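Here the structure comes first, spelled out in structure tokens, and everything after it is commentary.
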Amino acid sequence: MREWGERSNHHTRENEMIYMLSWHDDRPFQFYGVKLSTTTFPSSLSVPATASLRTSIFAKVSKGKVPPSFTLKDQDGRNVSLSKFKGKPVVLYFYPADETPGCTKQACAFRDSYEKFKKAGAEVVGISGDDTASHKAFAKKYRLPFTLLSDEGNKVRKEWGVPADLFGTLPGRETYVLDRNGVVQLVYNNQFQPEKHIDETLKLLQSL
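Set out below in structure tokens:
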């Protein structure tokens, strides 16, 4: 009974947060590290007690599939294609935005475990809708040793079907592990515990 009570309280707190965000206030705010505006939410928004912050959109790219190819610019303005990583495992993680608390925590966690990824022979690649200048500053500030790709307009995010959170207003945080043949071996989504992405991907890489 106690466990159910804790879960119920958790959902209640989430719903209270959403009600507060959608109340008659048009000031910008940050929710889990992403800048949003309350104008995103209709004033008549009604959230049932069992509501989830996760949308019902499911990823098009799933385990066992070869994802759509792409070519994007990295933090140095160079074109990088997905095919470049063929022949080695690649950890490709989509994140909401540079310089937000959750995304900074996730990037630094990948940085701190980077030697483990190298030992596994894997490349780490981050993707968000930020431009190359933002990525360059972000990588320099936090000494990120891996590639950051600029998906302005979120074209690749949409093609891969990366799910959104918070009723579609919060870009999803999803990590994919591709094997040496470019086949997806793991799809991991956890918006609110960004460091878990590192644990799960390293665990999977050990089995490849």
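With the first letter of the sequence shown counted as 1, position 143 gets the number 143 in the UniProt record's numbering; the numbers rise by one all the way through. C-beta atoms are modelled at their ideal positions from N, C-alpha and C, and glycine is treated no differently. Values in this document were obtained by computation on a predicted structure and should not be read as measured data.
Residues near residue i by beta carbon distance below 7 Å, same chain, minus five either side
| i | result |
| --- | --- |
| I198 | A109, F110 and S113 |
| E152 | G129 and D131 |
| S83 | S69 |
Close beta carbons around residue i, own chain, < 6 Å, minus the five adjacent residues each side
| i | result |
| --- | --- |
| E159 | P68 |
| Q191 | D165 and R173 |
| L208 | P89 and D179 |
| R27 | Confidence is the limiting factor: at R27 the pLDDT is only 41, short of 50, which leaves the residue's position unreliable and the question unanswerable from this model. |
| A137 | none |
| S81 | T71 |
| P145 | Y114 |
Cβ-Cβ distance between residue i and residue j below 8 Å
| i | j | result |
| --- | --- | --- |
| V156 | F70 | yes |
| L149 | L205 | no |
| residue 213 | V61 | The requested residue 213 is not part of the displayed model; the chain covers only 1 to 208. |
| Q75 | A122 | no |
| L202 | K116 | yes |
| T100 | V125 | no |
| G172 | N189 | yes |
| D179 | S134 | no |
| A107 | Y142 | yes |
Own chain partners of residue i with C-beta closer than 8 Å, once the 5 adjacent residues on each side are dropped
| i | result |
| --- | --- |
| K65 | V183 and V184 |
| G77 | T132 |
| K105 | P194 and E195 |
| K63 | V184, Q185, L186 and V187 |
Under the three-state DSSP convention, the category residue i falls into
| i | result |
| --- | --- |
| S88 | The amino acid at residue 88 is misidentified as Ser; the sequence shows Lys. K88 falls in the coil class under three-state DSSP. |
| D74 | strand |
| E174 | strand |
| residue 218 | With the chain running from 1 to 208 in the structure shown, residue 218 is simply not present. |
| L186 | strand |
| S207 | coil |
| S81 | strand |
Whole runs of the beta strand (DSSP E) within the stretch 95 to 171, excluding any shorter than 3 residues: As far as the stretch 95 to 171 is concerned, its whole beta strand (DSSP E) runs of at least 3 residues are 123 to 128 and 147 to 150.
Stretch-stretch touch, CB-based, cutoff 8 Å, three pairs: the stretch 88 to 105 with the stretch 188 to 198: yes
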